[in-house]
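Take 539 as the starting number for the sequence shown in my numbering and just add one per residue.
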Amino acid sequence: NGVQVRGAYWMPAYGGLFADLDRAAARVFEMTLGSSVRVIPVPCAESQRRDGALHCSISVLPRP
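Below, the structure written as C-alpha cells:
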C-alpha cells in the first residue's frame, strides 16, 4: 500500500513494537528498488487500523 514516484518510494510504517520490522522492510525495498530510489517510511498505523494506509490517504500527487 505504498506509493512510488520518480526517485522515491513512500513506505507505510507502523512504528512502536513493529519498528524493527519497518526497518527490515525498508532495507528490502532499498535493495530491490536500487540506489536511485529513496525509501521513505511514513508512520500510518492509525490509518491502517481504519482499513487504509498511505496509498489510500493520497488523493492527488503533484508533479515535480
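The beta carbon of each residue, even a glycine, is placed where N, CA and C say it ideally should be.
Pairwise C-alpha distance: residue j and residue i
i    : j    : result
R565 : E584 : 23 Å
W548 : E568 : 11 Å
A562 : L555 : 13 Å
G553 : L571 : 22 Å
P579 : D560 : 8 Å
Same chain, Cβ closer than 8 Å to residue i, neighbours up to 5 away in sequence not counted
i    : result
G545 : S574, V575, R576
Own chain residues within Cβ distance below 7 Å of residue i, not counting five before or after
i    : result
I596 : V541
Cut-off 6 Å between Cβ atoms - residues of its own chain near residue i, not counting five sequence neighbours on either side
i    : result
A557 : none
V543 : none
Helix, strand or coil at residue i [DSSP, three-state]
i    : result
R561 : helix
Beta-ladder partner(s) of residue i, from DSSP
i    : result
V566 : None, per the DSSP bridge assignment.
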